[in-house]
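**Q** Position 579 of the sequence shown, counted from 1, bears residue number 599 in the numbering used here, the numbering being contiguous throughout.
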Amino acid sequence: MNNFLDKLKSLLIKLFNLSISHYKVFFTVYFFILLASFLQLKELRQLIDISDLIDADFKTYNALHELEKNYDEKDQVSVILRKKDKFSFQEHCLILDWINSIQVKSYEFTRIYSSYGLKMAKKEGKDLKVHPILIPDCTIENSNSEISNQLQLIANSPSGHLLTNKKLDDIFVSFYLRPLDKKDEDIFGSFNEKSFSKIKKSIENSLKNQIDNLETYWVGGGSYKYFLKQGYKKMNVLNLFIFPIFLLVFYFFGISLYWLVFLIISYMLSLIPVYGIMSLFHVPIDLLTSAIPLMLLMATIQDLIFYIYKLEHYENDYINAFKAKIFPSFMTSLTTAIGFGSLAVSDLGAIRRFGIICAIAAIIEWVVSFLIMPKIILRFRKHIVSDLRFTSFIQRISNFKFPKTIAIIIVCSPFIFLSLSKINLRIEDSPERLFNKDHILYESAQYLNDSRDWLAEISLVFDKKIDQSERHRLLNQIQDNFSFIKHYESFDEVKDYLTKNLEGKHKEAMKKAMNNHSSSARWISPISSKERALIYSDSSDINDISSLKKHVDKVCQKKCHLISVLISYSEFGIRVLKTLVSSFKFSLVLISVFLLLILFQRKINYKLLVLLCSLWGPFVLLSLLLINDIGIYFATSIVLSILIGLSGDVLIHHCGDLESKSIQEASFVSLIIMSMIAMIFLFSDFNGLGKISYLMIAGFFLGWFGDIVLFSSLRKK
21 MNNFLDKLKS
31 LLIKLFNLSI
41 SHYKVFFTVY
51 FFILLASFLQ
61 LKELRQLIDI
71 SDLIDADFKT
81 YNALHELEKN
91 YDEKDQVSVI
101 LRKKDKFSFQ
111 EHCLILDWIN
121 SIQVKSYEFT
131 RIYSSYGLKM
141 AKKEGKDLKV
151 HPILIPDCTI
161 ENSNSEISNQ
171 LQLIANSPSG
181 HLLTNKKLDD
191 IFVSFYLRPL
201 DKKDEDIFGS
211 FNEKSFSKIK
221 KSIENSLKNQ
231 IDNLETYWVG
241 GGSYKYFLKQ
251 GYKKMNVLNL
261 FIFPIFLLVF
271 YFFGISLYWL
281 VFLIISYMLS
291 LIPVYGIMSL
301 FHVPIDLLTS
311 AIPLMLLMAT
321 IQDLIFYIYK
331 LEHYENDYIN
341 AFKAKIFPSF
351 MTSLTTAIGF
361 GSLAVSDLGA
371 IRRFGIICAI
381 AAIIEWVVSF
391 LIMPKIILRF
401 RKHIVSDLRF
411 TSFIQRISNF
421 KFPKTIAIII
431 VCSPFIFLSL
441 SKINLRIEDS
451 PERLFNKDHI
461 LYESAQYLND
471 SRDWLAEISL
481 VFDKKIDQSE
491 RHRLLNQIQD
501 NFSFIKHYES
511 FDEVKDYLTK
521 NLEGKHKEAM
531 KKAMNNHSSS
541 ARWISPISSK
551 ERALIYSDSS
561 DINDISSLKK
571 HVDKVCQKKC
581 HLISVLISYS
591 EFGIRVLKTL
601 VSSFKFSLVL
611 ISVFLLLILF
621 QRKINYKLLV
631 LLCSLWGPFV
641 LLSLLLINDI
651 GIYFATSIVL
661 SILIGLSGDV
671 LIHHCGDLES
681 KSIQEASFVS
691 LIIMSMIAMI
701 FLFSDFNGLG
711 KISYLMIAGF
721 FLGWFGDIVL
731 FSSLRKK
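Dropping the structure here:
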């Protein structure tokens, strides 16, 4: 094995020498790679539809896509309008005029469904008249008490739990956006963002200027897409903010600012090919892959910092410093690639994509750092003047040692705890939890629940023609068995309610007319004529929704089925836990074998304990998750595999030079900078990335403690 590693090290040094002596060839090849990647960027897409997270092998995949096709609600944008002291009659008329004017001016909506659209049929003499329930005529002055009575009629209707709240003081408006033509799609996806912006701007200009203290709450699939895209844009801006922070950190530690320029160049040379590969293989930017730039930056800065401190100890011998670091850096990039690559065994396509791209990015970063950048650095080395500070302070922190017996107990504790514990992690995820608690979408979801007693809309699709009484029985049975099902809405009840003032042939004629009216598309598919009822739940908890799905499958007996994005997301959540366990085990085995092979090439005592030092951080983090009963999110399910991939980085550098103080200094500075990079996630719109930030920072500090303090304590004579 030693022979193999020696040959690999020799091969890498030869490759490095070639990159210096034939740099024009290397630069030319990489230039064409950059050019091809840059040209490919126009094909890069963003995943903005949560249903696209559902893989083709999901049990609910076909039913979800059939639902979206039949009822065309993927781009539904809904807004709830409210003011604290209730709308006056005049303000209701303003809102109604706004709805009518925006519908006339724009051809971007297939239809608008609102609190003002609910109509009731009445027989007036020999004629049959249909009037809106709410404010039939704005040319006639209505008293505010009459408005309250009309809203009460709305609230008592089968759609009342949607169209107004319990206090009768808000208005619901839903826009069904017309899908974009292919030629009008932007480079990131197929959501009509301009139409959403027009609605938002129209409210600002037409309503908020005339109605004081107007509040808006955004719900619906289209709203979700819009704010998801805004979240991705914010992540791009946040990525830029890290460089001013680097400026301060480099100055604080006395690192030449030329290194910051080299860092930016190296980072961009790595990021463009990574994005090029993503676009080439149709890997979209999603919640996870939007974090790839910061992950790549962590790998780049770690290699650079270790090189800078090695260079200091080599007294500015740039070539030999590179040769000293090329092998350990390659091995750390390889372990990182293995850690991320282990996510390829995930049950979820989004996590598989993220893992594979990050593994490729780790290798690209090494190529750029050690085969492209060295010649650039050598060209400007005369201008690089570093005056590294606080090295003695870092040494004092790093040189802290426990008594060997105490160190062994500390090292073994998390492994003993986990071996004796039942690993029973729980999933705590739902679509609205994707965003932070101060985000407008999260606040809107909470308002929906507080004001209407429901949070999620689920479709019960009837696969066979069954009579009204049977449909009614099934819906009542579902509601009676689950306390979190608060309302249901069926076309039968809507027709009965809106024609209750009619009798005989007039009633039947009106019901028949309603069947053929465009408004019936909410319940009856214009494509397949399948009918559905809408069920409203005040819980989006994956476990609740999963149990509901199982019950409905049992009682429906192929007469109907339950489906929505939330139903598919519950299946998605169950796979998240499997991903955490399977990818963690896989990466643990691979990294452990890899590190042991490296350890056996060195004359180090306590090889098994030293290995445990490297894995100590992730295992302590897993123990803390269990002890504190912290729920797992879609995004946080990848953290342990990432930390396992980073495990052993310091150990590998130690094996290259056991006595070098530069490793302790570099690892501490790298710890500080990587933690600051991870903190950027805290400022994103995404709750999952915020959780990743906390877990990664904790993991970094625990990993450093195991790699430096516990490792040094075990080597203590």
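The beta carbon of each residue, even a glycine, is placed where N, CA and C say it ideally should be. All values derive from a computational prediction rather than experimental measurement.
Could you please give me the residues that DSSP links to residue 140 through a beta bridge?
**A** The partner list for residue 140 (beta bridge, DSSP) reads 151.
**Q** Do you know whose CA, among 477, 299 and 220, lies nearest residue 585's CA?
**A** 477
**Q** Decide if residue 452 is buried, meaning its Cβ has at least 16 other Cβ atoms within 10 Å, or exposed.
**A** buried
**Q** Inspect the beta-carbon positions of residue 734 and residue 617 and report whether they are closer than 7 Å.
**A** In terms of Cβ geometry, residue 734 and residue 617 do not form a close pair [threshold 7 Å].
**Q** Considering only DSSP beta bridges, list what residue 452 is partnered with.
**A** In the DSSP output, where bridge partners are listed per residue, residue 452 has none listed.
**Q** Does the distance from the CB of residue 194 to the CB of residue 244 come in under 7 Å?
**A** no
**Q** Express the C-alpha separation of residue 554 and residue 480 in angstroms, rounding to a whole number.
**A** 6 Å
**Q** Compare the C-alpha of residue 514 against each of 541, 525, 504 and 499 and name the closest.
**A** 541
**Q** Since residue 358 contacts residue 607 with CB under 8 Å, what's their CB separation in whole angstroms?
**A** 7 Å
**Q** Taking 7 Å as the threshold (C-beta atoms), are residue 118 and residue 226 in contact?
**A** yes
**Q** Buried or exposed: residue 66, going by 16 or more other Cβ atoms within 10 Å of its Cβ?
**A** buried
**Q** Please work out which residues of its chain come closer than 8 Å, Cβ to Cβ, to residue 293, disregarding the five sequence neighbours upstream and downstream, and give them in chain order.
**A** Closer than 8 Å at Cβ, skipping near neighbours: 53, 54, 57 and 384.
**Q** If you follow the alpha helix (DSSP H) that residue 704 is part of, which residue opens it and which one closes it?
**A** Where residue 704 is concerned, there is no enclosing alpha helix (DSSP H), given that its DSSP letter is neither H nor E.
**Q** In whole angstroms, what separates the C-alpha of residue 397 from that of residue 47?
**A** Answer to the nearest angstrom: the Cα atoms are 14 Å apart.
**Q** So what's residue 42 in DSSP terms, helix, strand or just coil?
**A** coil
**Q** When you compare the CB positions of residue 310 and residue 252, do they come within less than 7 Å of one another, or not?
**A** Yes.
**Q** Can you tell me whether residue 392 sits near the ligand HEM, meaning its C-beta is under 6 Å from at least one heavy atom of the ligand?
**A** With respect to the ligand HEM, the structure offers nothing, as it holds no ligand at all.
**Q** Leaving out the 5 sequence neighbours to the left and right, which residues in its chain are closer than 6 Å to residue 719 when beta-carbon positions are compared?
**A** 637, 641 and 663
**Q** Near residue 550, what residues of its chain come up, given a Cβ to Cβ distance below 8 Å and the 5 sequence neighbours on each side ignored?
**A** 90, 481, 482, 483 and 544
**Q** In the DSSP assignment, find the unbroken alpha helix (DSSP H) run with residue 158 in it and report its ends.
**A** Here residue 158 belongs to no alpha helix (DSSP H), and DSSP marks it neither H nor E.
**Q** For residue 172, tell me which candidate among 138, 146, 468 and 197 has the shortest Cα-Cα distance.
**A** 138
**Q** In or out: residue 11 buried (at least 16 other Cβ within 10 Å) or exposed?
**A** Since the displayed the chain opens at 21 and closes at 737, residue 11 lies outside it and no answer follows.
**Q** Quick check on residue 488: does DSSP put it in helix, strand or coil?
**A** For residue 488, the three-state secondary structure derived from DSSP is helix.
**Q** Apart from the five residues on each side of it in sequence, which residues of its chain come closer than 6 Å, Cβ to Cβ, to residue 98?
**A** Apart from the 5 residues on each side of it in sequence, residue 98 sits with its Cβ closer than 6 Å to the Cβ of 194, 239 and 240 in its chain, given in chain order.
**Q** Quick one: which unbroken beta strand (DSSP E) runs of 3-plus residues sit fully inside the stretch 508-557? Chain order, please.
**A** 551-557
**Q** Considering only residues of the stretch 33-77, which uninterrupted alpha helix (DSSP H) runs meet the minimum length of 4 residues and lie entirely inside it, listed in chain order?
**A** 43-60
**Q** Which of the three DSSP states is assigned to residue 133 in this structure?
**A** strand
**Q** Which residues bound the alpha helix (DSSP H) around residue 645?
**A** Segment 627-647, the alpha helix (DSSP H) holding residue 645.
**Q** Are there 16 or more other CB atoms within 10 angstroms of the CB of residue 740, so buried, or fewer, so exposed?
**A** The requested residue 740 does not occur in the structure, where the chain is confined to residues 21 to 737.
**Q** Return the chain-ordered ranges of every alpha helix (DSSP H) run that is complete within the stretch 395-480 and spans a minimum of 4 residues.
**A** 411-418, 424-440 and 460-472
**Q** Between the alpha carbons of residue 216 and residue 248, how many angstroms are there, rounded?
**A** 13 Å
**Q** Pick out whichever of 96, 729 and 406 has its Cα sitting closest to the Cα of residue 199.
**A** Nearest Cα to residue 199 within the set 96, 729 and 406: 96.
**Q** For residue 416 and residue 651, which I take to be in contact (beta-carbon distance under 8 Å), what is that distance rounded to the nearest angstrom?
**A** Going by Cβ atoms, the distance from residue 416 to residue 651 rounds to 39 Å, so no, they are not a contact pair.
**Q** Out of 524, 275 and 351, state which residue places its alpha-carbon closest to the alpha-carbon of residue 407.
**A** 275
**Q** Exposed or buried, what is residue 419 when buried is set at 16 or more other beta-carbons lying within 10 Å of its beta-carbon?
**A** Under the 10 Å beta carbon count, residue 419 is surrounded by fewer than 16 other beta carbons and is classified as exposed.
**Q** Which parts of the stretch 269-334 are runs of the alpha helix (DSSP H), unbroken and 4 residues or longer, counting only runs that do not cross its ends?
**A** 277-300 and 312-333
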